[in-house]
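Since the structure comes first, as structure tokens, the remarks are kept for the end.
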Amino acid sequence: CIQTVKEISNATAMVRLAYHNQFAILAEQTSITGYDLISGTPVFVVYDFIDLPTVVIAGNEDQYVVAFFDGTNIMKTWNASTNFSVTKETSLISEEDKVKHNLHRDNASIASLTSHGDLVVHAFRGSDKAYVRNVRTGNVVYELTCPEPGTCISAVGVSRDYY
1 CIQTVKEISN
11 ATAMVRLAYH
21 NQFAILAEQT
31 SITGYDLISG
41 TPVFVVYDFI
51 DLPTVVIAGN
61 EDQYVVAFFD
71 GTNIMKTWNA
81 STNFSVTKET
91 SLISEEDKVK
101 HNLHRDNASI
111 ASLTSHGDLV
121 VHAFRGSDKA
131 YVRNVRTGNV
141 VYELTCPEPG
151 TCISAVGVSR
161 DYY
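The sequence shown begins at 1 in the working numbering and counts up by one.
Shown next, in the form of structure tokens:
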């Protein structure tokens, strides 16, 4: 079955497939929309953030839609298997650390585009630390530090065996 999502435009920054490829998740300027690929209709829309979200799909069944927001430094998780109910909203960094790491700029938050189970990797561009976070609880599971002094993070990734 092939379905066309007609609402894709030049403003669409990323498309992710979720929950057994049943949903197409589109991230645009300040919104996230989930389309049911069987009916082609929107089933999930979020407009309540001021910045472009980075969307990661997580979970053993790709059921978690996880969004990282730059300007607010928030991670928010929705569960596609339960009608996109909010699972968790977590602040990624304290106000004190935000100033310390100079996070008052665009594109400060980076996240791996893939995940392993319920864990995602994210960091702040220019920082020397990355974090492995559980998307259901919001808790940091691991803190990863650059091995060399004076180095900083520009991208993060994850595989089954490595962060």
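All residues carry an ideal CB built from backbone N, CA and C; glycine is no exception.
The beta carbon of L92 sits closer than 6 angstroms to the beta carbons of N73, M75 from its chain, once the five residues preceding and following it are set aside; these are given in chain order.
In this structure, L26 is the residue among D118, G59, G150, L26 with its C-alpha nearest to the C-alpha of N10. Ranked by how close their Cα comes to the Cα of D70, the residues E89, N60, A108 have A108 in first place.
Only buried fits R125, as 16 or more other CB atoms lie within 10 angstroms of its CB.
The alpha-carbon separation between A24 and I8 amounts to approximately 11 angstroms. Among the bridge pairs identified by DSSP, E89 is matched with K76.
V135: not part of any beta strand (DSSP E); DSSP gives it neither H nor E. Excluding its 5 nearest sequence neighbours in each direction, A155 has no C-beta neighbour in its own chain below 6 angstroms. About 7 angstroms separates the Cβ atoms of T30 and D51, confirming a contact at the 8 angstroms cut-off. Counting the other Cβ atoms within 10 Å of the Cβ of A67 gives 16 or more, which makes it buried.
S115: not part of any beta strand (DSSP E); DSSP gives it neither H nor E.
E28 and R160 have their C-alpha atoms some 29 angstroms from each other. Between the beta-carbon of V55 and that of V65 there is about 7 angstroms, and that keeps the pair under the 8 angstroms contact cut.
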